[in-house]
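Data block below; observations after.
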Amino acid sequence: MKTWMTTLLLLCFLSPFYTSAQSPVDQHGKLSVDGNKILDKSNNPVSLVGMSLFWSNTNWGGEEFYTEEVVDWLIEDWEITVIRAAMGVDENGGYLSDASNKDRVKKIVDKAIETGIYVIIDWHSHHAHDYEQDAIDFFEEMAEAYGDYPNVIYEIYNEPMQISWANTIKPYAESVIEAIRAIDPDNLIIVGNPTWSQDVDIVSQDPIEGQINIAYTLHFYAATHGQYLRDKAKAALDNGIALFVTEWGTVSANGDGAVDEAETAAWMDFLCEHAIGHCNWALNDKPEGASVLKEGASPLGGWSANDLTTSGVLVKEIIKDWCLSVDSEQVYPQKRVKIYPNPSENTIQVNLGYYNLYKGLSLRNIEGRIVKSIDADFDQKEIEIDLSDLKAGIYFLHVNGPDNQLVKKIIKL
């Protein structure tokens with residue numbers, strides 16, 4: 003029988019998530035752009051990972067999840083480093099007709115700053131160029147309020163449709179960027195592009211000039227957008243522009259349908275390889291494939307596995323096990339190593355997938371002391387580790403590669 007002491011021990015170390023370690027913003031600081039990479043304060047490539055909230059529009063359902071508790075839970079349980087506040091603009095119940103949308107966004111931004119994660123302030127519209135002055139006024143207000151915080155990222159046009167980059171989107175973006183830069187000279191700005199933010203290759207041939215720290219949005223839905231879009235993204239990178247996937251889905255582009263695990267895996271490998279940050283669509287309980295929550299899930303967080311959709315289960319795993327480290331030479335996606343069951347009372351299975359460049363494994367306690375060393379053959383894929391002789395608590399499994407380590411948190415019951 004487990005005692006209340008075990009529960010207390012777990013709570014002390016798991017809540018809040020960043021109490022005993024640096025927050026993402028403490029670690030990475032102000033972001034910048036150099037060529038096709040987004041860099042942190044130490045000039046190292048950084049790949050942020052997190053969730054996009056659903057449209058903020060009043061009475062659309064997704065606005066219920068614009069809560070401080072959701073942010074806390076996503077940090078603690080999903081280990082996000084960025085959250086996207088998708089403020090609906092011109093659609094029914096959006097910002098232009100209901101100012102409460104801005105209040106919802108500010109609540110998320112304030113909480114992100116308090117907890118030390120990054121936050122994307124998204125002008126979520128398919129027709130933003132028709133509301134240029136409204137966008138300028140809004141982003142000037144956001145820059146005045148939040149421009150001194152390194153947490154803040156501005157996304158000034160969510161998804162333009164099939165309209166001209168050179169004649170429509172680019173002039174709009176230049177005007178909004180100029181307004182932001184008059185107040186906030188250097189926080190990251192992300193710019194949308196034609197065909198629902200997929201024509202990054204076209205943009206890379208005519209990028210915005212004369213401004214620093216500009217990246218470009220890339221959106222994809224795995225069951226619809228495959229290798230051809232990765233080829234377009236690679237062409238954009240080769241042409242020297244930085245990308246940020248501010249919205250992606252595991253399903254079809256209509257937001258529904260079955261999860262495409264194979265294409266999702268291919269996309270995650272691509273993003274990790276090129277140090278591209280991403281936010282999954284969407285943190286919502288709308289009954290459609292892209293939602294990570296089942297209908298009726300609490301808007302206060304605390305979700306169990308039973309509250310997650312098929313997409314939600316996969317997305318949470320991706321976020322929690324995202325690239326441990328990213329550098330310009332080689333990237334190791336931590337997601338390739340799976341541990342189950344976790345938490346566990348007796349034994350755990352470690353599946354190394356196709357991550358086979360390890361020298362060995364070690365299990366360490368919270369003080370960093372090695373409590374178990376595990377030898378393994380170079381090509382061994384499945385390893386069983388006995389936990390029965392360990393005290394209940396938190397441990398860290400180190401998978402030792404030739405150039406780096408993967409670290410996975412283990413809970414012994």
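Mapped onto the numbering used here, the consecutive letters of the sequence shown carry residue numbers 3 to 415. Even for Gly, the Cβ is constructed at its ideal location relative to N, Cα and C.
What is the C-beta distance between residue i and residue j, in whole angstroms, given that I count them as a contact (C-beta under 8 Å)?
i: G52; j: I321; result: 7 Å
i: G40; j: A244; result: Residue identity check: residue 40 is Ile in the sequence provided, not Gly. With 8 Å as the limit, I40 and A244 qualify as a contact, their Cβ atoms being about 5 Å apart.
i: K340; j: N353; result: 4 Å
i: A292; j: G228; result: Going by Cβ atoms, the distance from A292 to G228 rounds to 17 Å, so no, they are not a contact pair.
i: L55; j: D42; result: Between D42 and L55 the Cβ distance is about 24 Å, and since that is not below 8 Å, they are no contact.
i: K236; j: W80; result: So it is not a contact: roughly 29 Å between Cβ atoms.
Is the separation between the beta-carbon of residue i and that of residue j shorter than 8 Å?
i: N153; j: V27; result: yes
i: V202; j: K172; result: no
i: K383; j: Y397; result: no
i: N215; j: N256; result: no
i: Y133; j: D105; result: no
i: G90; j: N59; result: yes
i: V121; j: A114; result: yes
i: G64; j: G242; result: no
i: Y97; j: A130; result: no
i: D287; j: G303; result: no
i: L389; j: S346; result: yes
i: T170; j: V193; result: no
i: R86; j: T248; result: yes
i: D124; j: A88; result: yes
i: P301; j: E66; result: yes
i: A137; j: I158; result: yes
i: V294; j: N308; result: no
i: E142; j: A181; result: yes
i: I191; j: I179; result: yes
i: V261; j: L316; result: yes
i: A267; j: V35; result: no
Could you check where the beta strand (DSSP E) with residue i kicks off and where it finishes?
i: K43; result: Per DSSP, K43 belongs to no beta strand (DSSP E) and is neither H nor E.
i: T248; result: 245-251
i: I155; result: 154-157
Using DSSP bridges, identify the partner residues of residue i.
i: L365; result: K374, L399
i: K236; result: In DSSP, K236 forms no bridge with anything.
i: K340; result: N353
i: I85; result: M53, V121
i: K410; result: L399
i: H280; result: V51, V247
i: D36; result: K39
i: L285; result: L55
i: V193; result: Y218
i: S346; result: K414
i: G90; result: H126
i: L231; result: According to DSSP, which records beta bridges pairwise, L231 is partnered with nothing at all.
i: L302; result: Paired residues: none, contrary to the question.
i: L98; result: For L98, which the question treats as bridged, DSSP gives no partner whatsoever.
Hey, could you find the ends of the alpha helix (DSSP H) residue i is sitting in?
i: D28; result: 26-30
i: D186; result: Note, D186: premise wrong, no alpha helix (DSSP H); not H, not E.
i: D74; result: 70-75
i: I138; result: 134-148
i: S418; result: Since the first residue shown for the chain is 3 and the last is 415, residue 418 is missing from the structure and cannot be characterised.
i: D388; result: Note, D388: premise wrong, no alpha helix (DSSP H); beta strand (DSSP E) at 384-388.
i: E319; result: 312-322
i: L273; result: 263-275
i: T219; result: That residue, T219, is in no alpha helix (DSSP H); its beta strand (DSSP E) goes 216-223.
i: P196; result: 196-199
i: G165; result: For the record, residue 165 in the displayed sequence is Ile; it is not Gly. From DSSP, I165 is part of no alpha helix (DSSP H); its letter is neither H nor E.
i: V205; result: 202-206
Given 7 Å as the limit, tell me if residue i has its C-beta closer than that to any heavy atom belonging to the ligand SAM.
i: S254; result: No copy of the ligand SAM appears in this structure; indeed no ligand is present at all.
Among the options, which residue has its Cα nearest to the Cα of residue i?
i: L231; options: S346, F272, N103; result: F272
i: T69; options: R86, S166, I110, K32; result: I110
i: H128; options: E161, E146, E116; result: E161
i: L50; options: L76, F141, A277, E290; result: A277
i: E265; options: D391, A224, E249; result: A224
i: A145; options: Y159, R183, H126, S166; result: R183
i: H400; options: K393, A378, A394, D391; result: A378
i: I367; options: I350, L392, Q351; result: What sits at residue 367 in the sequence shown is Asn, not Ile. Measuring from the Cα of N367, the nearest candidate turns out to be L392.
i: D150; options: K410, G31, T117; result: G31
i: V199; options: H126, G259, I350; result: The question names Val, yet the displayed sequence has Ser at residue 199. Comparing Cα positions, the closest option is H126.
i: P343; options: K410, E369, V35; result: K410
i: L363; options: T349, N348, G370, I385; result: I385
i: T226; options: E263, Y148, D208; result: E263
i: G314; options: G370, V253, C274; result: V253
i: H221; options: G370, N195, D240, S206; result: N195
i: Y148; options: Q207, E116, L285; result: E116
i: P187; options: T197, P209, Q213; result: Q213
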